[in-house]
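Q: Pasting in a structure now, in structure tokens, and then I'll have a few things to ask.
The structure is reproduced here in structure tokens:
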């Protein structure tokens with residue numbers, strides 16, 4: 001083999017090795033990357049998972065029926081309990097293994113027949129899901145996977161207590177934020 005052919009063969013071999021190495025490193029993912037690319041937890045895991053740290057309970061004032069009929073045609077359906085606190089500061093994080101974390105907070109209002117929430121400044125990272133669950137996990141609303149304009153209004157759960165669960169890949173915990181603005185204690189289930 002002459003020098004030119006030898007140089008071409010060496011260049012071709014080196015290029016192929018670089019290309020093969022790049023392809024291998026491109027297709028190999030770390031376990032955290034692989035978990036982060038999977039779908040959010042199945043619905044039956046959310047609201048039913050055993051949490052290592054129990055969700056703290058935010059006790060709200062009791063929900064009272066409207067005291068007088070309004071003079072207009074408005075219908076009162078719920079009492080508003082204003083919270084205005086960051087969910088990530090009043091809830092508790094749980095590492096569920098397999099790269100998933102759950103932020104949980106239980107809400108309660110005596111005499112409420114249903115609970116719903118409103119949040120603002122909501123940032124739900126990719127692959128995250130927010131749920132509103134009854135204490136036994138049988139009733140749930142969600143998954144909420146996006147918050148248009150940073151605001152999220154949940155449907156109600158027919159209970160005087162409800163648990164908020166935010167499921168997301170553990171590496172995305174710092175990217176999540178939401179301010180729990182109001183909790184609605186409903187007069188009807």
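Residue numbers (UniProt numbering): 1 to 189.
Think of the CB as a built atom: it goes at the ideal place given N, C-alpha and C, for glycine as much as any other residue.
Model, not experiment: these values are computed from the prediction.
Work out the CA separation of residue 144 and residue 186 for me, nearest whole Å.
A: Position 186 of the chain shown, counting from 1, holds the residue named residue 186. Position 144 of the chain shown, counting from 1, holds the residue named residue 144. Cα to Cα, residue 186 sits roughly 21 Å from residue 144.
Q: Over what stretch of residues does the alpha helix (DSSP H) that includes residue 90 continue unbroken?
A: If you number the chain shown from 1, residue 90 lands on position 90. Element bounds for residue 90: 87-90.
Q: How many Å lie between residue 171 and residue 103 at the Cα?
A: Mapped onto the chain shown, residue 171 falls at position 171. Mapped onto the chain shown, residue 103 falls at position 103. C-alpha separation (whole angstroms): 13 Å.
Q: Can we say the stretch 84-102 touches the stretch 43-55, given the rule of at least three CB pairs closer than 8 Å?
A: Enough Cβ pairs lie closer than 8 Å, so yes.
Q: Assuming residue 152 contacts residue 130 (C-beta within less than 8 Å), just tell me the rounded distance between them.
A: Position 152 of the chain shown holds residue 152. Position 130 of the chain shown holds residue 130. The pair is a contact, with the Cβ atoms about 7 Å apart (cut-off 8 Å).
Q: Exposed or buried, residue 165, counting other C-beta atoms within 10 Å across all chains shown (16 or more means buried)?
A: Your numbering for residue 165 matches position 165 in the chain shown. Answer is buried; the Cβ neighbour count reaches 16.
Q: Exposed or buried, which one is residue 169 when buried takes at least 16 other CB atoms within 10 Å?
A: As a position in the chain shown, residue 169 is number 169, starting the count at 1. Burial call: buried.
Q: In terms of DSSP beta bridges, what is residue 119 paired with?
A: Here the question's residue 119 lines up with position 119 in the chain shown. According to DSSP, residue 119 bridges with 152, 180.
Q: Who are residue 82's beta bridge partners in DSSP?
A: Here residue 82 is taken as the residue at index 82 of the chain shown, counted from 1. In DSSP, residue 82 forms a bridge with 182.
Q: When the Cα of residue 154 is compared with those of 184, 89, 177, 112, which residue comes out closest?
A: Counting from one through the chain shown, the residue named residue 154 turns up at place 154. Checked all of 184, 89, 177, 112; the closest Cα to residue 154 is 184.
Q: Whole angstroms is fine: what's the gap from residue 61's alpha carbon to residue 138's?
A: Here residue 61 is taken as the residue at index 61 of the chain shown, counted from 1. Here residue 138 is taken as the residue at index 138 of the chain shown, counted from 1. Going by the C-alpha atoms only, they are around 25 Å apart.
Q: Using the beta-carbon count (16 or more within 10 Å), is residue 89 buried or exposed?
A: Here residue 89 refers to the residue found at position 89 when the chain shown is read from its first residue. So residue 89 counts as exposed.
Q: Which same chain residues, not among the five before or five after residue 110, have their C-beta less than 6 Å away from its C-beta?
A: Looking up residue 110 in the chain shown gives position 110. Excluding residues within five positions, the ones whose Cβ falls inside 6 Å are 62.
Q: What separation, rounded to the nearest whole angstrom, lies between the Cα atoms of residue 167 and residue 46?
A: The residue labelled residue 167 in the question sits at position 167 within the chain shown. The residue labelled residue 46 in the question sits at position 46 within the chain shown. When rounded, the distance between both Cα atoms is 8 Å.
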